[in-house]
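Under the numbering used here, think of the first position of the sequence shown as -1, with each following residue one higher.
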Amino acid sequence: MSTARDREQECLTELYTRLDELREQTRQRLDQVLSTTGLGHQGLTERDVAAAGLARRLGELHSVENGLCFGRLTMTEGPDRAIGRIGIPAAADETEPPLIDWRAPAARPFYTATGARTEGVRVRRHLRTSGRTVTGVQDEDLAAGAVAGAGGDGTPALLTALNAPRTGRMTDIVATIQAEQDAIIRAPRAGVLVVQGGPGTGKTAVALHRAAYLLYTHRERLARDVVLIVGPGTAFLRYIGEVLPSLGESGVLLATPAELYPGVTADRPEDPRTAELKGRAAMAGVIAAALADRQWLPADTLRIDHDGETLHLDRAGAERLRRRARDLGLPHNETAPLHGELVVDALARSVAAGIHTAVLGPGGEDGGWGDGGDWPPGEDDSLLSEDELDDLRAELRSSPGVRAALRRLWPPLTPQRLLADLFASPRRLATAAPRLTDAERGLLLREPGGWAPSDVPLLDEAAELLGTDDRAARAAEAAEHAERLRLAQEALDVARGSRATEHDDGTDPETLSAFDLLDAGRLAERHAEADHRTPAERAAADRTWAFGHIVVDEAQELSAMTWRLLLRRCPARSMTLVGDIAQTSAPGGARSWAAALDPHLGPGRARTVELTVNYRLPAEIAAPAADVLRAIDPELRPPRAVRSTGVPPWHRTVPAGRLPAGTARALADERAAHPGGTAAVIAPPDLLPALTAAVGPVPGVSVLDPRTAKGLEYDTVLVVDPGAMPLPDRYVALTRATQRLGILTPSRAG
């Protein structure tokens, strides 16, 4: 008599057979596409697009080797529904797909059906698998409210997953998504959604699964525009790095806030007070003022050497031209050539006016632009024709002295140069930031060299104000295209000459050759270099990329300037922001979601939802963490723990001078009593060097400070000297453990 596990094994084997067939079919199609030859430029582009899509699909099919199918719904009416990481389409002789993607509407009852609201589900079955083998089956009879185990221990699937040892990498929760999580995952893409959740509520996992869901439901747009996922640090990104690939999604860009300015490595150490100051919204005005200060005016008169003569541009005239240039409303570098034309035109007319004055004499009607008359001079003040004025303008444009004056009046700038010059100059800082105190300007003052993470939003702000003068790049591109045309024409000419020679040998003159089918332009296009980067790779290199959706984890830590950067990256305002206000530790971080977002979005424009169930922390560990939460803000409510281990946290006092050795001993005892899994020692930053040396390199053990630990989880955690941590950091440290928590406090006796 076959058991439920045996029947599920037969079904799973058939699903993997279908998966292997899909892989082989996709691989063959990819090989066929890549081997296609004889295509024109458009055909090559279409081939590359098709190949990229097939390669992505093949990667998706390979990524679901483990956990392909994890559940089944037995409906009160209609066929069963197998639920998996991806969907497998129905064959020609089938009416229903053999496997339904977890993101499809038909799969939703797997996460939302209850005994009170069955949604047509009679039995919900959870499968545990290892590779291609079924290892356990658990049934939930929603009509009877019973849970039966087949080959398992009877523990509900969720608690089984929660009690499993950690591996040091986040795993997906696709098989155990809970109803309140599912509602957030499937929320509409449009708008800004804030997910507030205490430690252990699964907000990071929800955010990642939401990204996978949106990529499924808006595949064409988001595959093109890319989903950006922003995490607090590189350790966090490594921790979550396998979640989306395990769900068959790889078309995303993961980055920290420090990595959001292409080409800049932001690793310069910095005083936290300086970082907080740079994160203030007021820094946008400081940068704008610093740029305005670089649009220079002479104190009196600028003397310009030109062809052995001296031209004069007084301050009033320069100011009028600067105002006209600013009124154009363009970024600084894009305005530079237009400002230059204004100056050149004014200088040309002043030269022409000088010729006019020389002809009329000092008593002429002109009065001289340098003696209080209207400036710049008008067309009527010249004896030169418009063609002669054009020649004079061209002569001035090529003058080294004039070009030097233009660069001084309106200098070409990069964001790096603007900020480096600003922070290196007390005078520039005083001019650009008059509302800052002397002490605050002192925090910003530094020698050039390297960039700190807090500089990245400032560089982005500067880049937005500066824009790009791409005339040189466009000229180079045009020259490159002209050279390709020349080479293509030469190749066709050689081909024509060769055919003429062949005709002398008696060959058929009616035979078609390359030049009969192609002109030089089309041949040149074939040799143009194609961009084979993925959309995510292109987005990573393009500061101006507009992402289709942005996910931000630990969003409460972002400064006002970082919010400005991210919102520029997402003009459609399609964002998912997850975090916990109680865990805010950055000096410039959010004290409330309204305070963080309303200045940028407008009051009430963000939708806020809250996760209320704590899945990570057992009740024994959640209790002391809740005490710290109340100390942070009595109004905040701790999430409700769903499990208990019966193992309360332990506390040990160690002489201060022996704290590193005591920590190493306590860790060794824990690892001996509970081998396997992961462990962490979390301590204030100033203790890390001594603790790291004492603990040594131990596989599966991390030594880190609370801010680096944010978002991570471990089976065992030792918190060292929590009294020396700010309350939000202490709250983070006490909420990283999934099984066991130990607290070591230095004794006052030392």
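Just so it is clear, CB atoms sit at the ideal spot from N, CA and C, and this is done for glycine as well.
- Rounded to whole angstroms, Ala264 and Leu206 show a C-alpha spacing of 26 Å.
- In the DSSP assignment, Asp312 falls outside any alpha helix (DSSP H) and lies within the beta strand (DSSP E) extending over Glu307 to Asp312.
- Taking C-beta atoms under 8 Å as the contact rule, Arg650 and Pro616 fail to qualify, at a distance of about 20 Å.
- Residues of the same chain with a CB within less than 7 Å of the CB of Leu443, apart from the 5 flanking positions on each side, are Phe421, Pro424 and Leu427 in chain order.
- Going by DSSP, Asp713 is part of the beta strand (DSSP E) stretching over Tyr712 to Val718.
- For the pair Asp713 and Arg738, the CB atoms are nearer than the 8 Å cut-off.
- Along the region 554 to 602, the alpha helix (DSSP H) occurs as fully enclosed runs of 4 or more residues at 558 to 567 and 591 to 599, listed in sequence order.
- Taking a 10 Å sphere around the C-beta of Gly586, we find 16 or more other C-beta atoms and assign the residue as buried.
- About 5 Å separates the beta carbons of Thr110 and Ala177, which is inside the 8 Å limit, making them a contact pair.
- With 16 or more other Cβ atoms inside 10 Å of its own Cβ, Gly546 counts as buried.
- The beta carbon of Leu595 lies closer than 6 Å to those of Ala604 in the same chain, with the five residues before and after it left out.
- The residue from Gly189, Val225, Val190 and Ala181 with its alpha-carbon nearest to that of Val204 is Ala181.
- Residue pairing for His649: DSSP places it in a beta bridge opposite Ile741.
- Comparing C-alpha distances from Asp389 to each of Thr93, Ala346, Leu685 and Glu75 shows the shortest one belongs to Ala346.
- Sequence-distant Cβ neighbours of Pro744 in its own chain, meaning closer than 8 Å and more than five residues away, are Thr651, Val652, Pro653, Ala654, Leu657 and Asp719.
- Boundaries of the alpha helix (DSSP H) harbouring Leu160: Ala155 to Asn161, taken from the DSSP string.
- By the Cβ rule, the region 570 to 585 does not count as touching the region 165 to 174, because fewer than three pairs are nearer than 8 Å.
- In this structure, the beta-carbon distance from Thr661 to Pro637 does not fall below 8 Å.
- Ile680 carries a strand assignment under DSSP once its states are collapsed to helix, strand and coil.
- In this structure the region 120 to 128 touches the region 72 to 88; the number of beta carbon pairs closer than 8 Å is three or more.
- According to DSSP, Ala334 shares a beta bridge with no other residue.
- A Cβ-Cβ distance of about 5 Å is found for the pair Gly249 and Ala221, placing them in contact under the 8 Å criterion.
- When Cβ pairs closer than 8 Å are counted between the two stretches, the region 50 to 65 is seen to touch the region 233 to 248, the count reaching three or more.
- Close CB contacts of Leu340 within its chain, under the 8 Å cut and outside five residues either way in sequence, are with Leu319, Arg322 and Ala323 (chain order).
- Taking a contact to require three or more Cβ pairs closer than 8 Å, the region 126 to 143 and the region 184 to 199 do not qualify as touching.
- The distance from the Cβ of Val228 to that of Thr254 is about 7 Å, consistent with a contact at the 8 Å cut-off.
- Counting only residues of its own chain and dropping the five nearest sequence neighbours on each side, Asp312 has a CB closer than 6 Å to the CB of Thr299.
- Annotation: Phe68 is outside any alpha helix (DSSP H); the continuous beta strand (DSSP E) that includes it extends over Cys67 to Met73.
- Counting of Cβ neighbours within 10 angstroms places Ser590 among the exposed residues, the total staying below 16.
- Per DSSP, reduced to three states, the secondary structure at Arg126 is strand.
- Residue burial annotation: Gln26 is exposed, with fewer than 16 other C-beta atoms found within 10 angstroms of its C-beta.
- Leu686: member of the alpha helix (DSSP H) spanning Leu686 to Val693, first to last residue.
- Under DSSP, Asn64 forms no beta bridge with any residue.
- Separation of Val717 and Thr733 (C-alpha to C-alpha, rounded to the nearest whole angstrom) is 10 Å.
- Scanning its chain for C-beta atoms nearer than 6 Å, with the 5 sequence neighbours on each side dropped, one finds around Leu20 the residues Leu59, in chain order.
- With 16 or more other Cβ atoms from the protein chains shown falling within 10 Å of its own Cβ, Asp453 counts as buried.
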